[in-house]
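For reference, the structure is listed below as structure tokens.
4 protein chains.
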Amino acid sequence: MSIDPAALADLDTFTIEVPSWAYGNSGTRFKVFAQPGVPRDPFEKLADAAQVNALTGAAPRVSLHIPWDLVDDFAKLSAYAADLGLQLGAINSNLFQDDDYMLGSLTHPEKRVRDKAIAHHVQCIDVMRSTGSTDLKLWLPDGLNYPGQDSIRGRQDRLADSLQQIYAQLDAEHRLLIEYKFFEPAFYTMDIPDWGTSLLHCLALGPQAQVVLDTGHHAPGTNIEFIVAQLLRQNRLGAFDFNSRFYADDDLIVGAADPFQLFRILFEIVVQDAQKPASGVNFMLDQCHNIEPKIQGQIRSVLNVQEALAKALLVDRSELRAAQERGDVLGANGVLMDAYNTDVREALADRREAAGLPRDPIAAYRASGYQEKINAERVGGTQAGWGA
Amino acid sequence: MSIDPAALADLDTFTIEVPSWAYGNSGTRFKVFAQPGVPRDPFEKLADAAQVNALTGAAPRVSLHIPWDLVDDFAKLSAYAADLGLQLGAINSNLFQDDDYMLGSLTHPEKRVRDKAIAHHVQCIDVMRSTGSTDLKLWLPDGLNYPGQDSIRGRQDRLADSLQQIYAQLDAEHRLLIEYKFFEPAFYTMDIPDWGTSLLHCLALGPQAQVVLDTGHHAPGTNIEFIVAQLLRQNRLGAFDFNSRFYADDDLIVGAADPFQLFRILFEIVVQDAQKPASGVNFMLDQCHNIEPKIQGQIRSVLNVQEALAKALLVDRSELRAAQERGDVLGANGVLMDAYNTDVREALADRREAAGLPRDPIAAYRASGYQEKINAERVGGTQAGWGA
Amino acid sequence: MSIDPAALADLDTFTIEVPSWAYGNSGTRFKVFAQPGVPRDPFEKLADAAQVNALTGAAPRVSLHIPWDLVDDFAKLSAYAADLGLQLGAINSNLFQDDDYMLGSLTHPEKRVRDKAIAHHVQCIDVMRSTGSTDLKLWLPDGLNYPGQDSIRGRQDRLADSLQQIYAQLDAEHRLLIEYKFFEPAFYTMDIPDWGTSLLHCLALGPQAQVVLDTGHHAPGTNIEFIVAQLLRQNRLGAFDFNSRFYADDDLIVGAADPFQLFRILFEIVVQDAQKPASGVNFMLDQCHNIEPKIQGQIRSVLNVQEALAKALLVDRSELRAAQERGDVLGANGVLMDAYNTDVREALADRREAAGLPRDPIAAYRASGYQEKINAERVGGTQAGWGA
Amino acid sequence: MSIDPAALADLDTFTIEVPSWAYGNSGTRFKVFAQPGVPRDPFEKLADAAQVNALTGAAPRVSLHIPWDLVDDFAKLSAYAADLGLQLGAINSNLFQDDDYMLGSLTHPEKRVRDKAIAHHVQCIDVMRSTGSTDLKLWLPDGLNYPGQDSIRGRQDRLADSLQQIYAQLDAEHRLLIEYKFFEPAFYTMDIPDWGTSLLHCLALGPQAQVVLDTGHHAPGTNIEFIVAQLLRQNRLGAFDFNSRFYADDDLIVGAADPFQLFRILFEIVVQDAQKPASGVNFMLDQCHNIEPKIQGQIRSVLNVQEALAKALLVDRSELRAAQERGDVLGANGVLMDAYNTDVREALADRREAAGLPRDPIAAYRASGYQEKINAERVGGTQAGWGA
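Protein chains in written order, with full-length UniProt numbering: chain A, 1 to 388; chain B, 1 to 388; chain C, 1 to 388; chain D, 1 to 388.
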């Protein structure tokens, strides 16, 4: 299949937001393996993220996580970002590390704890005002480990109330992005376990509330692209947290576990034109580079999403529609597979070269000496991590 | 734990609807093993269902499946049911056995096929008018086996349109009950794969549309009682299809695979008072007695649901709430487990005896000679089955 | 990545065995949709299989299923196969369609039933002697639907005894290939649910017993290539049943659901040189073309396996080993992905052309008029199917 | 069902081994919530474990974990245990917290790292000689996160070699217990992902090697009691790690998620008489009391196993066999369910009372003041945990 460059034009404006925490240490409950060169503060995280953007040209925004990325002066952080060619992106709240949250945060039986969790979001909204961020991302880790531990119904009611209080604080240009997750850290039920629950809360809140789809947060076998299509149909797909998984929320590099699934997800995006900035869908990464180098891991992730999008853009949609309409099962599937089986790497390298970027960003990074430099410089201090 | 008979009072009005097709043969794609005594027509199915009701006192309604249960004269069938102490219940449509439906029914790319599927529901509504049934139950087997085979988004749009046309035909006292299913018979994606999709279509249709929760139609690990709580919170839980499973949609006897899960489901029912007839929730069975005798299988199912409900009613909810409010994880779980671990069988036998029913319905059935009678009488003709 | 033709040389001798039953009708428990042109007898099945081989040059053997493919004169069937350029391959026994097998066959509590199932295998071995087949393939559908239904331990003991009696009947050049399956048709436990159980029985029997790995017969999330590597390490991987799945034993076209997984499986094959005929691994298809045309489905399957093998052969194994040895996680993964991301379709088309085969076997089949011919000719009679 | 006390006699000699680490803090990768009163050293852990044994009479042994429980003088620790009425049990090695193990331990590409991991086991064997422990328990966290990261086959070979070196160090009365795990901390493949792999290594090593079955370490839907039956049939079930799960390796209290499954597991134990000490099966707990109080969590666990065993012992096995032999599916299942549905709690309380133990160990613990005492006393120092 020869590649028509025009077919890939939407890649010009397609961007991916990287998470500040991807550059810090992460691990499993068994061990966090420290890596050399890991940032000690948000400024160093931005410096690393700037490498990813400089080499790929496609990752101009960085999500922050509060309190991990709290700084005294957010204006200064924003200015530093701008100097690096970056923007500060979504503000992620944290409801899982305060001792008060052991049995819940926004759903906790005690009003005092719920109020604290709500206040934390008010703080995050203040950060947004300082940074110019428009997305408040909320992942609710609340849930139950044992049947009977608390009332499933009661927690939904409390959650609705807490969310309403947060939503009321938003400015007109703000969005509240609500994530769902199948399990972990709670092992009997999560309070927002699925897209249906997330969407119901968004619908109750209003048009500024949207769903976040983390690709690792589903039951085994779930057809994720169906959910993408459904949320787009409802105009409520606010953002992705991209990663990949073989088992649970493995948080591997997006596209590493099932590249065909990633392609199918991006094809549903293309079907509803959501790859264009006007869609408002924020394509974010959320991954844990537990054993692989982090900056390279981020670059690989950006490339994987670009390759999947390129393939999705190459699908001959009029041929596809024709085959679908004549009930040609194998023909229609064949049109999709033709695009998937196409090797787009050279075409993407050509595009990068034309844009003054390295043809092979991974090789360029390896050759740049940046990693050796930070390994040498970032000695002492406390490496960033989740603080678990 | 001693059992206060008053705690079980709601069992007096709690009924279970049995499916006509449970008395016919069923099997897997590998083999349908015929059983002796299986009914040859809807009248014989009703006769068998009447045994279940006579021995348990709790199964007074029988769901019909169209076309399997088509008869020339539904008034006559209703009268026969009444003579047996039964009512005709939900009317189930069939969208999976017409050759035209190989690639879909209500979602099919061709308008001709969609119109046919819509017309089938009009026919079912006519049956409802003849039988006095108020529930039209729609399970959509439509879906795709291969990525690209058809447009996921396009099928949602067609589905919405088809459902709207069906909904428009309902009488004021009718309900449209829309079921969802994770997979099978489609193996890439179903067109209504989850409760969220079913609910969205119900919300778009109006208040007479409600969700059916089949306990076997979820991804592995799904917390079903959470969905029960959520749908009740939305006032959209129309009915259950009870059965049980270890793997997929195994359609085993309800409570056989995970009795604790059944208890948890019924506890969420009790939490929102949905065990009372006023809730409108129709508690139906939908099972396949592939290798076990069918009438006994149905009796066992009714008993299992009753036992689970009894245990759910025994939960000391004020103790539970107190433990939940004080954050006593093990105490709260313990309150629930106390009820679950209670042996309610004697208490239920006492209730049956007081109502003039046999203490042990299974033993009574085995001793009744009914099975021997139908084995001897039902010779010749074509045994009822799915007609797959 | 440019493709060195020499790297693909093993494709010359790599063959895939097709199942006779793939050309007949199949379906789910809900419906078997009949297709035009479907064979009515084993001779017509062979004629269809010959198309697949003629167009791909890689499918010279056809598995038979007894009793579906019973004929009066197997010498005549073999001669017919030879005329078509085919050989008869593995003989598959059937333990799931006799009424006596409702509660088991080789594991049944009654000796009479077990003896019948053993005798069926003696019959199959006789067929092997007539056809020159060397592989007796045994898939055990036995299992339990309900806890307590029979003794798990007792059934293992009976199974071991039954298998021993079958094994004793083999000729020196015969192999007994024992398949495992996670679930279906039994829904509580299968009697051979996993590779460990299959292997233990093989080890107890002797060197002529080998394991069959059906790619659809595993729990969700199972790493299949690990099992491939492990069985090869034990010299006990006798054969594959290739197909693909999103959920359960979906029996879709191999490579359709997860082409990356198929590549990984074939890479483990290549690692242990099992793609060469000397390995004795029989690469078979076992699929159900429920809604897609069957001959095209088989051609697509052969091509998918060839493409996956081609990519696996392209892995730069010395680069890979070097990256692995230096602990370069992303580098090593990158070497594998480079091969996977390569578009091998033109290279394979070149090879086919050089061998006098059509570059595009699917297009060639569609253009050949064969399907129209059989649609017209095969009218009347009973279409082949599973006879469920 | 009335309970014949004689049926429960095997409970007299049935003991459960508790893990030292259950008394320390644990959590998820998101957060370890500290609890008051948590031990600071192995002596305090033993003191807590002694409470569990004192109140249940059934938990006389404590597993140690090296290096978490390293002390200068194991003779002193053993003596302290004896004073508390306890014995030191299995010695658990740790292969997941040394920085060298990021890419593997016994399977690592570098010999230096493998040698270190082997030497750690020699150290553990030395501890066994000091404590009189006979079980060396090895859980291998090794595995891969990315396809291609290392050779699956090569790692099996290295593992076999490493295990052989460890096995060679065992004394005659020692056992090497090898655990398997489906996933986590590795997310592409574990090096011992399933019972088959664990058993193959045990068979290669010799009779002193046995399999450990952790109830949380399986793929979704796996029938665990089948594995129990199979391993007992091979005389290779060395030990259990009991816990429970809804999703992954949730490490909840055993019996909390699926009490019916726990009963079925113990029934397979009873079928092969493995509840008797002579079987050599070591019934251990391995759980994480992340949000519930730890000592109560352990007591609850011991009671849950006892209740499940009591029910398993109550199964009328001659009735069961009779029903199985006559092919009475529902009758046989009914015999099993009769025992499961029996409320054994009073009978077990009676037995405890007769043995001078509290009828309700949880209530007795709550009333004892022990928790308040340790909460007050254990101030300062570093609470025990996993050190992740």
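Idealized CB from N, CA, C, for every residue including glycine.
CA nearest to the CA of residue i, picked from the options
i	options	result
Asp214/A	Val228/A, Glu372/A, Gly221/A and Tyr188/A	Val228/A
Lys373/C	Phe14/C, Glu44/C, Phe33/C and Trp21/C	Glu44/C
Arg378/B	Ile166/B, Ser198/B and Arg40/B	Arg40/B
Ile152/C	Val281/D, Val271/D, His121/D and Gln306/D	Val271/D
Asp98/D	Lys116/D, Thr28/D and Phe30/D	Lys116/D
Ala6/B	Asp316/B, Gln156/B and Leu205/B	Asp316/B
Thr222/C	Ala308/D, Gly206/D, Ile224/D and Phe187/D	Phe187/D
His217/A	Met190/A, Leu205/A, Phe182/A and Gly334/A	Phe182/A
Asn304/C	Val254/C, Gly369/C and Arg29/C	Val254/C
Span separating the alpha-carbon of residue i from that of residue j
i	j	result
Phe263/C	Gly154/D	19 Å
Leu237/C	Ile91/C	17 Å
Pro193/C	Ala47/D	44 Å
Asp249/C	Val62/B	33 Å
Trp68/D	Trp386/D	7 Å
Ala278/C	Thr13/C	10 Å
Ser162/D	Leu136/D	15 Å
Leu309/A	Leu266/A	6 Å
Ser93/D	Tyr180/D	14 Å
Arg359/C	Gly331/A	17 Å
Proximal residues to residue i (C-beta, below 8 Å), its chain only, five neighbours per side dropped
i	result
Thr342/B	Met1, Ile3, Lys311 and Leu314
Proximity test, Cβ basis, 8 Å: residue i and chain C
i	result
Ser151/D	yes
Ile362/B	no
Span of the beta strand (DSSP E) around residue i
i	result
Met284/B	Asn282 to Leu285
Asp157/B	No beta strand (DSSP E) contains Asp157/B, which is instead part of the alpha helix (DSSP H) from Ile152 to Tyr167.
Leu176/C	Arg175 to Glu179
His65/B	Arg61 to His65
Gln149/C	Premise fails: Gln149/C is in no beta strand (DSSP E) and is neither H nor E.
Ile91/B	Gln87 to Asn92
Min CB distance residue i to chain D below 8 Å
i	result
Phe182/B	no
Asp115/A	no
Ala308/A	no
residue 455/C	Here chain C covers residues 1 to 388 and nothing more, so residue 455/C does not appear.
Pro141/A	yes
Gln210/C	no
Beta carbon proximity, residue i to chain B, threshold 8 Å
i	result
Tyr146/A	yes
Ile224/D	no
Same chain only: Cβ atoms within 6 Å of residue i, ignoring 5 sequence neighbours per side
i	result
Val113/D	Asp100
Phe246/B	Ala257
Boundaries of the alpha helix (DSSP H) in which residue i is found, first to last residue
i	result
Gln51/D	Pro42 to Thr56
Trp139/C	Trp139/C -> not in any alpha helix (DSSP H); beta strand (DSSP E) instead, spanning Asp135 to Trp139.
Val271/A	Pro259 to Val271
Leu336/B	Val329 to Asn341
Below-8 Å beta-carbon distance, residue i vs any chain G residue
i	result
Asp157/A	Annotation note: the requested chain G is absent from the structure, which comprises protein chains A, B, C and D.
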